[in-house]
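Enquirer: I'd like to ask some things about the structure below.
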Amino acid sequence: MVKLTGLKKIKTAVFISGTGSNLKNLIKFSKIKNSSISIDLIITNNSKAKGLRFSNQFNIKKNVSSFKDSKIAEAKILNLLKKENIDFICLAGFMKILSKNFIKKFNGKIINIHPSLLPKYKGLDTHIKAIQNKDKVAGCTVHFVTAKLDSGKIILQKKVKILKKDTPTSLAKKVLKQEYKLYPAAIKKIFN
Ligand code: GRF
Numbered sequence: 169m170v171k172l173t174g175l176k177k178i179k180t181a182v183f184i185s186g187t188g189s190n191l192k193n194l195i196k197f198s199k200i201k202n203s204s205i206s207i208d209l210i211i212t213n214n215s216k217a218k219g220l221r222f223s224n225q226f227n228i229k230k231n232v233s234s235f236k237d238s239k240i241a242e243a244k245i246l247n248l249l250k251k252e253n254i255d256f257i258c259l260a261g262f263m264k265i266l267s268k269n270f271i272k273k274f275n276g277k278i279i280n281i282h283p284s285l286l287p288k289y290k291g292l293d294t295h296i297k298a299i300q301n302k303d304k305v306a307g308c309t310v311h312f313v314t315a316k317l318d319s320g321k322i323i324l325q326k327k328v329k330i331l332k333k334d335t336p337t338s339l340a341k342k343v344l345k346q347e348y349k350l351y352p353a354a355i356k357k358i359f360n
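In my numbering, the protein residues as written are 169 to 360.
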């Protein structure tokens, strides 16, 4: 694992595909004086990702790489990560699955946030599944990324109560609120 040395912050890239509210939250966290990371690069597969606006707003480099050919996209991204001396990757709503080869190159240095209490509900539609199954609790998980989807070592989890009146949308909102606390806490747990 990368360790924090002295006052130098760990150069981090955040991968997104959509809204990027976790990205914005991580940028805010990175600007706190004692934060262990700096966000130096935003990567997306989606040129229309709303979260790309944070690149301009916070003056952070961005890269859009279509994953139509994922091999080419990953090779481009790996080059860029090297060029920018990126040492840590946070996936935040990134909707593409990274290859074994890519993950090997950043072994133990890629983490992800997932909107369920893993190992429950890997993959998509976690809130719909939790409500359909009449679960009493939902939540979110930050975990290390391995080649097996949503299966790497868990760093932190946070539970959220599901109320009778909850819909997938209301539950997603409640979980997202907790994600904003959990992701920075997980990063602190790794580096501090
Ligand atoms: C979050 O719920 C995250 O857990 C999941 O995708 C969503 C991304 O939201 N992986 P945002 O783009 O950070 O707003």
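A virtual CB, placed ideally from N, CA and C, is assigned to each residue, including glycine. In this text, all values refer to a predicted model and were calculated from it rather than measured experimentally.
Can residue 311 be considered in contact with the ligand GRF, in the sense that its beta carbon sits closer than 7 Å to one or more heavy atoms?
Expert: The answer is no for residue 311.
Enquirer: Among the candidates 224, 205, 334 and 277, whose CA atom is the shortest distance from the CA of residue 302?
Expert: It is 334.
Enquirer: Have a look at residue 323 and residue 350 and give me their C-alpha separation to the nearest angstrom.
Expert: One C-alpha to the other measures close to 10 Å.
Enquirer: Name, in chain order, the residues that DSSP records as bridge partners for residue 280.
Expert: Looking at the DSSP assignment, residue 280 forms a beta bridge with 259 and 311.
Enquirer: In angstroms, rounded to a whole number, what distance separates the CA positions of residue 244 and residue 317?
Expert: Near 22 Å, if we compare the C-alpha coordinates of residue 317 and residue 244.
Enquirer: Is the distance from the Cβ of residue 313 to the Cβ of residue 280 below 8 Å?
Expert: Going by C-beta atoms, residue 313 is nearer than 8 Å to residue 280.
Enquirer: Please classify residue 323: does DSSP put it in a helix, a strand, or coil?
Expert: Strand at residue 323.
Enquirer: Helix or strand or just coil, what does DSSP make of residue 273?
Expert: Helix.
Enquirer: Can you tell me whether residue 187 sits near the ligand GRF, meaning its C-beta is under 7 Å from at least one heavy atom of the ligand?
Expert: Correct: residue 187 has its Cβ closer than 7 Å to the ligand GRF.
Enquirer: My output table needs one value for residue 294: the three-state DSSP class, helix, strand or coil.
Expert: Residue 294 falls in the helix class under three-state DSSP.
Enquirer: Does DSSP put residue 193 in a helix, in a strand, or in coil?
Expert: Reduced to three states, the DSSP call for residue 193 is helix.
Enquirer: Could you have a look at residue 235 and say whether DSSP puts it in helix, strand or coil?
Expert: DSSP places residue 235 in coil when its eight states are reduced to three.
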